[in-house]
Amino acid sequence: MTLSTVAALQLGSHPDGKQKTLEAIVAYESEIKAAGAQLVVMPEALLGGYPKGEIFGTYMGYRLPEGREAFERYFANAIDVPGAETAELEALSQRTGAHLVVGVIERSGSSLFCSALFFSPEQGLVANHRKLMPTGSERLIWGQGDGSTLPVIDTPVGKIGAAICWENHMPLLRTAMYAKGIEVWCAPTVDERENWQVSMRHIAHEGRCFLISACQYQPSPRDLGTSLPHWDDDRPLMQGNSLIISPMGEIIAGPLKHGPGLLVAQIDSAELVKARYDFDVVGHYSRPDVFTLLVDERAKSLVKFQQ
């Protein structure tokens, strides 16, 4: 039996940009320490922002100049990896003694990626997962990750990995993560809906792993002094509903409602083996004689130079 303390930090990107968001993250340092959290998962696109309702001046077949200006602003608010912001997150991880999984918008050349960064108190930035499949209009502004960024890493709370928002719905991605031995599934997201909670419970139950879903909380358009087409001015843009789930698919903490906060739970690694007694999705409950999956983990580059 190994007991560990894990947490989801429910927080929204600050409207004044990444530095204010970073300050809001660091403001939870004392609470993280007091909770004794060994792993803290943060929402999708927390640093860099999720531009809900923004159309970037785009219509089928043509794009308006103001869309390019909107993208320029969004690009400026993204972060370099590594960079100044990752250095501050490394320091936070070291000071709190907690492993961190943080959703960011990552700049690479002139492209953006929705990424989850992994920080260790001892080693700093240790891994990066780029979202494989942006959803819907996200594909206009975010590139696609490749198979080289599917880390599952050892930590004191167990083997951790991440899938971001709706790529959690990709069965083959889940199978690959299960095969890597994931024990604590980290799910940064901006999806607050009840159906999302059902999906998270299914994944924990399917993979017989703990799961931490961290969602942004964003106030209503009225509170933010703005408005969005086809959106109730008094409804929060993102309601949070972060939660922590057991390997049997039971909610053990959350959903966290009505604002930002740190959601904390204690987990017991002994529950993993007990849960897999009758269902090990890549072990005794698999049929490799019938089904196989090939995962290409090579980094993909458009241009290759040979001497």
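Using the UniProt record's numbering, count along the sequence shown one by one with no gaps and you end on 307. Beta carbons: idealized from backbone N, C-alpha and C, even for Gly. Nothing here was measured: the structure is a model prediction, and the numbers come from that model.
Cβ separation of Leu293 and Ala176, assumed to be a contact under 8 Å, to the nearest whole Å: 7 Å
For residue 331, collect the residues of the same chain with a Cβ closer than 8 Å to its Cβ; drop the 5 residues on either side in sequence, then sort them by chain order. Within the shown structure, residues of the chain are numbered from 1 to 307, placing residue 331 beyond reach of any answer.
Given residue 367, which residues of its chain have a CB within under 7 Å of its CB, disregarding the five upstream and five downstream residues? Here the chain has residues from 1 to 307 only, and residue 367 is not among them.
Please classify Pro221: does DSSP put it in a helix, a strand, or coil? helix
Which full runs of the beta strand (DSSP E) of 3+ residues lie inside the segment 225-301, going along the chain? 242-245, 251-256, 261-268
Pro82 beta carbon less than 8 Å from that of His99: no
For Thr58, which residues in the same chain have their Cβ closer than 7 Å to its Cβ, ignoring the five residues on either side in sequence? Gly67, Leu140
C-beta contact flag for residue 309 and Ala299 at 8 Å: Since the first residue of the chain shown is 1 and the last is 307, residue 309 is not available in this structure.
Taking three-plus beta-carbon pairs below 8 Å as touching, is the segment 215-229 in contact with the segment 262-270? no
Coarse secondary structure for residue 311, derived from DSSP in three states: Outside the shown range of the chain, which is 1 to 307, sits residue 311, and nothing can be said about it.
Alpha carbons only, please: which of Gln144, Gly254, Leu125, Asp232 is nearest the one belonging to residue 333? Lying before the first or after the last residue shown, residue 333 is absent from the chain, which here runs from 1 to 307.
May I ask you to report which of helix, strand or coil DSSP gives Gln307? coil
Quick one: residues in its chain with C-beta nearer than 6 Å to the C-beta of Pro260, no 5 flanking neighbours on either side, listed in chain order? Gln10, Leu11, Tyr217
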